[in-house]
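Just below is one structure, and these are the notes that go with it.
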DNA sequence: GAATTTTATGCCAGCGCTGGCAATTTTCTT
DNA sequence: AAGAAAATTGCCAGCGCTGGCATAAAATTC
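Residue numbers (our numbering), protein chains in the order written: chain E, 1 to 340; chain B, 1 to 340.
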């Protein structure tokens with residue numbers, strides 16, 4: 001058992017070359033002879049040598065570490081993003097450092113910058129809703145930190161961003177519901193202050209109007225993206241003498257809450273009331289009735305974002321700056337049906 | 001705008017001391033005078049100086065990086081663990097590098113060791129079911145890697161482990177069901193080969209027998225911890241002419257599948273059939289009827305594990321070696337009721 | 001007040017690696 | 001075959017920090 005880990009010196013000595021040459025092999029530099037390269041590779045293998053990332057980073061100002069900054073409002077979403085990011089990291093030899101933050105903290109920007117500097121991260125991916133914070137983005141840019149933002153809505157700066165067009169997604173949902181004959185529709189919105197809340201609402205609203213249905217003010221309830229708020233909002237909506245025939249909740253948690261509330265009132269879903277959600281979370285497919293919802297290409301977004309980030313880190317800026325937009329898709333299940 | 005980041009030299013120059021003294025302040029060494037320390041701290045503040053972790057690590061053989069190794073069978077569980085680990089990391093100045101692995105890979109051990117070495121991790125936390133792999137644990141120990149395992153069952157080596165006693169948890173569930181008057185109970189087990197499968201089953205079985213009820217062979221179905229397998233197993237169990245009055249599924253996903261299957265057969269839960277799960281996942285509280293289940297102290301386990309790990313890293317081995325056992329608790333909701 | 005202990009600070013080497021350039025060898029020209 | 005160009009390799013400095021020891025200053029002892 002090797003009591004000490006092999007270093008580049010050991011490899012060089014055994015290969016009878018200078019460490020500089022070994023370094024070239026490690027870094028896939030072309031300026032190395034065939035035979036030499038093969039010999040060195042063999043020795044690296046035999047020795048089970050792994051270059052010391054810290055030393056590499058110190059010398060080359062690289063850490064091969066990416067960061068992920070997020071608040072924690074939706075664990076499931078984050079999980080998918082993390083998976084996507086990791087899959088690309090794996091392919092590219094990077095590791096991922098995860099870093100939850102409080103989006104409401106006064107020192108968010110400072111703390112995020114410090115995080116990146118402290119760990120010498122090569123770049124960071126910022127998840128919604130923190131990604132909507134332009135101060136942060138500005139501070140990172142100022143500190144020459146590579147970053148990519150994931151967002152559900154267009155941001156002030158269209159660069160370094162991967163977005164899913166949720167406006168068009170909720171529009172599609174509106175059209176789908178109208179197509180089923182619904183016109184009086186209840187809408188459970190997200191909390192004020194998040195861009196996604198407005199974006200989703202507007203997309204839905206506009207599409208509805210385009211088809212001659214108006215989203216009445218009393219048919220809009222403000223939730224908080226939580227199960228409980230979904231229950232309350234649904235109760236409110238359904239207490240209206242002129243009850244909606246369908247309810248769209250702007251996330252699945254609230255939609256499930258709405259289903260629970262409606263069932264408690266003795267309503268059958270989807271016979272007496274159609275309900276749809278947004279996220280296609282694990283809940284959507286497990287609940288009875290299975291929930292009609294909207295699926296964002298989360299994993300794909302995460303992958304794209306990571307590819308962009310690594311491109312920027314490697315100085316291949318070509319397409320790194322351009323924003324990327326992906327479209328969510330409608331998933332129809334059993335919680336919605338035509339009015340007939 | 002600082003074009004270059006401040007280094008320890010800058011701080012030392014401004015404070016008119018040697019970098020060694022600044023280093024002492026950074027590392028909270030006691031051997032520094034009051035006044036000097038205060039002055040240096042002030043300058044660090046003013047300069048917004050952050051020590052370079054790579055350089056620190058290279059010199060001190062420390063990275064302040066912890067790793068988390070896991071396969072991905074249960075995203076929700078992992079999420080909770082990650083949160084717990086991170087909360088301790090935050091308090092202790094460590095960052096967390098996440099590293100999913102394929103538990104069935106031939107090169108799992110090699111890859112894990114390489115991961116730790118490559119990134120110079122100070123330690124790793126290993127999640128189930130990978131934590132059950134003793135080869136891995138052995139290899140890590142051999143390489144002088146600090147690690148702590150999270151497990152649901154006693155492992156061969158009782159050291160470096162935080163376990164939740166699931167045997168007693170399923171025993172409690174069995175007693176609870178017996179207490180409700182159930183005696184003919186269906187059991188949906190996990191896949192073969194995982195220790196938790198056996199542990200949960202035995203705990204349940206033994207407790208049942210202690211109360212004079214036997215778990216008949218035809219009342220045991222083998223699932224795969226998935227929703228679909230829960231459906232299938234429940235169908236099988238319920239197809240038995242002498243139907244069970246209660247079904248315990250060894251995780252929530254399967255329990256939800258069982259509920260779905262039972263409802264499809266026209267059974268009312270809990271009136272015609274009691275169903276219980278294991279995990280207290282998000283599903284359990286969202287589904288109708290709300291699921292009776294077992295909650296493991298996941299976050300607490302994760303925290304304990306991390307504290308242990310950091311203690312080991314810091315050389316405070318005192319209690320670092322002793323294993324820790326935590327007990328899950330029964331969460332009774334609406335999916336179970338007394339017979340009669 | 002000299003000797004001793006304690007406290008505070010500085011110096012040097014080196015952690016393991018890469019960048020830039022120089023040196024060497026090989027290959028190609030003419 | 002001599003000179004030029006290209007391919008290969010090596011040397012040195014230094015990335016930013018800490019460990020170990022030496023030194024200097026202050027506090028304590030007798």
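Glycine included, every Cβ here is placed at the ideal spot set by N, Cα and C.
| Asked | Found |
| --- | --- |
| Within-8 Å CB hit, residue 128 of chain E to chain B | no |
| Endpoints, the alpha helix (DSSP H) within which residue 88 of chain B is located | 75 to 92 |
| Host alpha helix (DSSP H) of residue 109 of chain B (start-end) | 108 to 118 |
| Below-8 Å beta-carbon distance, residue 197 of chain B vs any chain E residue | no |
| Interface flag, residue 26 of chain B vs chain E, CB-CB below 8 Å | no |
| C-beta neighbour in chain B for residue 52 of chain E, strict 8 Å | yes |
| Start-to-end residues for the alpha helix (DSSP H) that takes in residue 248 of chain B | No alpha helix (DSSP H) contains residue 248 of chain B, which is instead part of the beta strand (DSSP E) from 246 to 249. |
| Proximity to residue 325 of chain B [Cα-Cα], best of B:278, B:294, B:313 and B:304 | B:304 |
| Where the beta strand (DSSP E) through residue 68 of chain E begins and ends | 65 to 70 |
| Residues near residue 140 of chain B in its chain [Cβ-Cβ closer than 6 Å; skip 5 each side] | 147 |
| Within chain B, the residues that residue 97 of chain E reaches when beta carbons sit closer than 9 Å | 65, 95, 96, 97 and 98 |
| Nearest neighbour of residue 180 of chain B, chosen from B:168, B:245, B:217 and B:170 [CA to CA] | B:245 |
| Cβ of residue 1 of chain E within 8 Å of any chain B Cβ | Unreliable placement is indicated for residue 1 of chain E, whose pLDDT of 42 sits below 50; the coordinate value is still reported in the next sentence. True, the Cβ-Cβ gap to chain B drops below 8 Å. |
| Contact between the stretch 152 to 166 of chain E and the stretch 223 to 230 of chain E (3+ Cβ pairs under 8 Å) | no |
| Nearest to residue 333 of chain E (by Cα), restricted to the options E:74, E:286, E:80 and E:222 | E:286 |
| Spatially closest choice to residue 8 of chain B from B:252, B:234, B:288 and B:53, by CA coordinates | B:53 |
| C-beta atoms of residue 100 of chain B and residue 86 of chain E nearer than 8 Å | yes |
| Enclosing beta strand (DSSP E) for residue 148 of chain E [first to last residue] | 147 to 151 |
| Integer-rounded CB distance, given that residue 258 of chain B should sit under 8 Å from residue 282 of chain B | 17 Å between Cβ atoms; not a contact. |
| Cutoff 8 Å: residue 179 of chain B Cβ touching any chain E Cβ | no |
| 8 Å Cβ cutoff met for residue 37 of chain E and residue 22 of chain E | no |
| Interfacial residues, the stretch 220 to 249 of chain E to chain B, with Cβ spacing under 9 Å | 227 |
| Any chain B beta carbon closer than 8 Å to residue 79 of chain E | yes |
| Residue 187 of chain E, enclosing beta strand (DSSP E) - first and last residue | 185 to 189 |
| Member of B:314, B:329, B:306 and B:339 whose CA lies at the smallest distance from the CA of residue 323 of chain B | B:306 |
| Residues that residue 163 of chain E bridges to, as DSSP identifies them | E:151 and E:325 |
| Stretch pair the stretch 12 to 19 of chain B + the stretch 192 to 205 of chain E: three plus CB contacts closer than 8 Å | no |
| For residue 58 of chain E, three-class secondary structure by DSSP | helix |
| Distance between residue 93 of chain B and residue 191 of chain B (C-alpha atoms, nearest Å) | 39 Å |
| Extent of the continuous beta strand (DSSP E) to which residue 222 of chain E belongs | 220 to 222 |
| Reduced DSSP secondary structure (H/G/I, E/B, other) of residue 32 of chain E | coil |
| Beta-carbon neighbours of residue 114 of chain B, restricted to chain E and to distances below 8 Å | 50 |
| Reference residue 201 of chain E, options E:60, E:122, E:111 and E:250, closest by Cα | E:250 |
| Burial state of residue 211 of chain B, where buried means 16 or more other Cβ atoms lie within 10 Å | exposed |
| Nearest-angstrom Cα separation, counted from residue 261 of chain E out to residue 232 of chain E | 8 Å |
| Boundaries of the beta strand (DSSP E) in which residue 274 of chain B is found, first to last residue | 274 to 276 |
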